[in-house]
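Chemist:
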Amino acid sequence: MPEATPLTPGITSGRLSADTLSENFDDLHPAYAPHEAAVASDRCYFCHDAPCMTACPTDIDIPLFIRQIQTGTPEAAAKTILGQNILGGMCARVCPTETLCEEVCVREVAEGKPVEIGRLQRFATDTLMGAGKHPFTRAASTGKSVAVVGAGPAGLSCAHRLAMHGHDVTLFDARAKAGGLNEFGIAAYKSTDNFAAQEIDWLLKIGGITVETGQKLGGSLSLDKLKSDHDAVFLGIGLSGVNSLRADGEERDGVSDAVSFIADLRQASDLNALPVGRNVVVIGGGMTAVDAAVQSKLLGAQNVTIVYRRGLDQMGASKFEQDLASSKGVHIVPNAQPVAVHGNGAVKEVEFEYTTTSDGKLAGTGETFRISADQLFKAIGQSLEGAPEGLTLEGRKIAVSDTGATSLGGVWAGGDCASGGDDLTVTAVAEGRDAAEDIHATLMGGK
727 MPEATPLTPG
737 ITSGRLSADT
747 LSENFDDLHP
757 AYAPHEAAVA
767 SDRCYFCHDA
777 PCMTACPTDI
787 DIPLFIRQIQ
797 TGTPEAAAKT
807 ILGQNILGGM
817 CARVCPTETL
827 CEEVCVREVA
837 EGKPVEIGRL
847 QRFATDTLMG
857 AGKHPFTRAA
867 STGKSVAVVG
877 AGPAGLSCAH
887 RLAMHGHDVT
897 LFDARAKAGG
907 LNEFGIAAYK
917 STDNFAAQEI
927 DWLLKIGGIT
937 VETGQKLGGS
947 LSLDKLKSDH
957 DAVFLGIGLS
967 GVNSLRADGE
977 ERDGVSDAVS
987 FIADLRQASD
997 LNALPVGRNV
1007 VVIGGGMTAV
1017 DAAVQSKLLG
1027 AQNVTIVYRR
1037 GLDQMGASKF
1047 EQDLASSKGV
1057 HIVPNAQPVA
1067 VHGNGAVKEV
1077 EFEYTTTSDG
1087 KLAGTGETFR
1097 ISADQLFKAI
1107 GQSLEGAPEG
1117 LTLEGRKIAV
1127 SDTGATSLGG
1137 VWAGGDCASG
1147 GDDLTVTAVA
1157 EGRDAAEDIH
1167 ATLMGGK
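Under my numbering, the sequence shown has 805 at position 79, and the numbering climbs by one with no breaks.
1) For valine 1016 and alanine 973, which I take to be in contact (beta-carbon distance under 8 angstroms), what is that distance rounded to the nearest angstrom?
2) Could you please give the first and the last residue of the uninterrupted beta strand (DSSP E) stretch that includes leucine 1038?
3) Buried or exposed: where does threonine 1177 fall if 16 or more other Cβ atoms within 10 Å of its Cβ makes it buried?
4) Can threonine 734 and aspartate 990 be called in contact, C-beta distance under 8 angstroms?
5) State the beta-bridge partners of tyrosine 1080 as determined by DSSP.
6) Count the other CB atoms within 10 Å of the CB of glycine 1041; is the residue buried (16 or more) or exposed (fewer)?
7) Specify the secondary structure class of serine 767 as computed by DSSP and reduced to three states.
8) Can you give me the Cβ contacts of proline 1060 inside the same chain, cut-off strictly under 6 angstroms, excluding the 5 residues immediately before and after it?
9) For alanine 1027 versus arginine 1004, is the C-beta distance shorter than 8 angstroms?
10) Where do the N-terminal and C-terminal ends of the alpha helix (DSSP H) with aspartate 1160 fall, by residue?
11) Could you compute how far the alpha carbon of glycine 1158 sits from the alpha carbon of asparagine 1070?
12) What is the DSSP secondary structure of glutamine 941, reduced to helix, strand or coil?
13) Please report the distance separating the alpha-carbon of isoleucine 737 from that of isoleucine 1032.
14) Looking only at its own chain, which residues have a Cβ that is under 8 angstroms from the Cβ of arginine 864, when we skip the five neighbours before and after it?
15) Are there three or more Cβ pairs, one per stretch, closer than 8 angstroms when the stretch 1009-1024 is compared with the stretch 936-948?
16) Arginine 1096: buried (16+ other C-beta within 10 angstroms of its C-beta) or exposed?
17) Return helix, strand or coil for arginine 848, following the three-state DSSP convention.
18) Given a threshold of 16 other Cβ atoms within 10 Å of its Cβ, counted over all protein chains shown, does glutamate 1186 qualify as buried or as exposed?
19) Given a cut-off of 8 angstroms on the beta-carbon distance, is the pair asparagine 998 and leucine 747 in contact?
20) For isoleucine 1009, which beta-bridge partners are listed by DSSP?
21) Can you tell me whether aspartate 990 is helix, strand or coil according to DSSP?
22) May I ask you to report which of helix, strand or coil DSSP gives histidine 891?
23) Which of helix, strand or coil does DSSP assign to arginine 1122?
24) Taking the DSSP output, what are the residues bridged to aspartate 974?
25) Hey, how far is the Cα of leucine 1102 from the Cα of glycine 967?
26) Return the CA-CA distance between glycine 809 and phenylalanine 910, expressed in angstroms with no decimal places.
27) May I ask you to list the residues that DSSP assigns as paired with alanine 873?
28) Thinking just about the alpha-carbon of each residue, which of Leu1000, Gln1021, Ala1131 is nearest to the one in valine 1008?
29) Mind checking which residues open and close the alpha helix (DSSP H) that includes glutamate 749?
30) Leaving aside the five residues before and after aspartate 1160 along the sequence, list all residues of the same chain whose C-beta is less than 7 angstroms from its C-beta, in chain order.
31) For the candidate residues Ile786, Asp1148, Ser1098, Ala958, whose alpha-carbon lies nearest to that of valine 1073?
32) Should glycine 815 and arginine 848 be called a contact, given that it needs their Cβ atoms to be closer than 8 angstroms?
33) Phenylalanine 910 lies in the alpha helix (DSSP H); which residues open and close that run?
34) Going by the beta-carbon positions, is the gap between leucine 1024 and phenylalanine 791 smaller than 8 angstroms?
35) Where does histidine 761 land, buried or exposed, given buried means 16+ other C-beta within 10 angstroms?
36) Beta strand (DSSP E) containing alanine 1089: first to last residue?
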């Protein structure tokens, strides 16, 4: 993000002291100590038909790993987790467990307080990774090579599973660092101590994976060349385009996308040098909107408002995320859509129109209002950019089968760029893993 200019006087750095910033961006959910994990695991009923497993996109055997923690074998628990979700450490930190496994926990249904599955998963995976161990061994080389484009959750998951099967994998990414949204798109208070990079270093211990950064599909990489140089290709390129507000004045200074703001924050070596507005408005209703809004507040913004075009119950951000935002002083305004961005060169106010929904259709009411803003973040979704020719699209994403196969032979895709998913880290991991199994079966003549 650029430094404040005369056109954006309200955007400045150094609003808070270094000590306050350190406290503000501390771990959202502190790790369990061993005795805390023992107590938490003892609350599990170890259900035979565990609904938590059904709710987990990666099908982790949750009762088994919790019992393994209870019996004092957290490293065994970690292997149970990682066998299904190789990025189980990050998912334990960022997965919306409150709307997945924990929401259907029998304890939640009966008592309103679920077993804290996410924190128990973190305890197990952190224990194993802290010991420097990698629980999987690489199979004998198959002599086959696979190109994986995109080193985000889907690509990393796919690459690890392929390498474990004995294939040679080259993992390409357009950025200077691997990790995708885990590295660039997650709120800093959810992933502290450079954990995303640590997890990648640990994952690569399987061997057989070469990482090449600064390599972009459509730029230095072409799909035709990748197909000719490798036996298979997996695309986990994510969504790099930012949707437009379609509001007058969107081009004014002080208006930017929330994803870039979060990326800048995650890569900042000194949060005190990161500028933020005094009056910040975030347009959108998903987790990116909440992450941008909360972090703006934690950086020292005085007034932060999230505006969403539909009702609170339709926000992509979970009730937990909404409550988190409110607890940090973020004001959420539902049922309003942007009309215009006002200001003389830089944003000064954002005009909104109240909305109503009838039979699922959104409509403006004609009544408008304005909110003061010197910084406006767009968090209204992303779009696929640079999809190679020849790939069939479904809507704005790459059309894939249940196992990630695209319309082009020898090419698979998964994660946010592919159709069918719900744009969660844990779902991307599952899609990368399943595509890798399909690629392996195909390369070895099983299909």
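For each residue, glycine too, the CB sits at the ideal point set by N, CA and C.
Modeler: Let me lay it out:
1) With a Cβ gap of about 21 angstroms, valine 1016 and alanine 973 do not count as contacting.
2) Run containing leucine 1038: none; DSSP gives neither H nor E here.
3) What the structure shows of the chain is the stretch from 727 to 1173, and residue 1177 is not part of that stretch, so it cannot be assessed.
4) no
5) Ala1062
6) With the sequence shown as reference, residue 1041 is identified as methionine, and glycine is not the correct amino acid for it. Looking at its Cβ environment, which holds 16 or more other Cβ atoms inside 10 Å, methionine 1041 is buried.
7) helix
8) Cβ neighbours of proline 1060 within its own chain (closer than 6 angstroms, five residues either side excluded): Tyr1034, Gly1037, Leu1038.
9) A contact, by the Cβ cut-off of 8 angstroms.
10) 1151-1169
11) Whole-angstrom Cα-Cα distance: 47 angstroms.
12) coil
13) 18 angstroms
14) The residues are Ala889, Met890, Gly892, Ile932, Gly933, Gly934.
15) Under the Cβ criterion (8 angstroms, minimum of three pairs), the stretch 1009-1024 does not count as touching the stretch 936-948.
16) exposed
17) Arginine 848: helix per DSSP, three-state reduction.
18) Residue 1186 is absent from the structure shown; the chain starts at 727 and stops at 1173.
19) yes
20) Beta-bridge annotation (DSSP): isoleucine 1009 is paired with Val1033, Lys1104.
21) helix
22) Look at histidine 891 here: in three-state DSSP terms it is coil, with no helix or strand label.
23) Reduced to three states, the DSSP call for arginine 1122 is coil.
24) Ala1066
25) 18 angstroms
26) 25 angstroms
27) Alanine 873 is bridged to Thr896, Val959.
28) Gln1021
29) 744-750
30) Thr1129, Gly1130
31) Ser1098
32) yes
33) 907-910
34) no
35) exposed
36) Per DSSP, alanine 1089 belongs to the beta strand (DSSP E) from 1087-1098.
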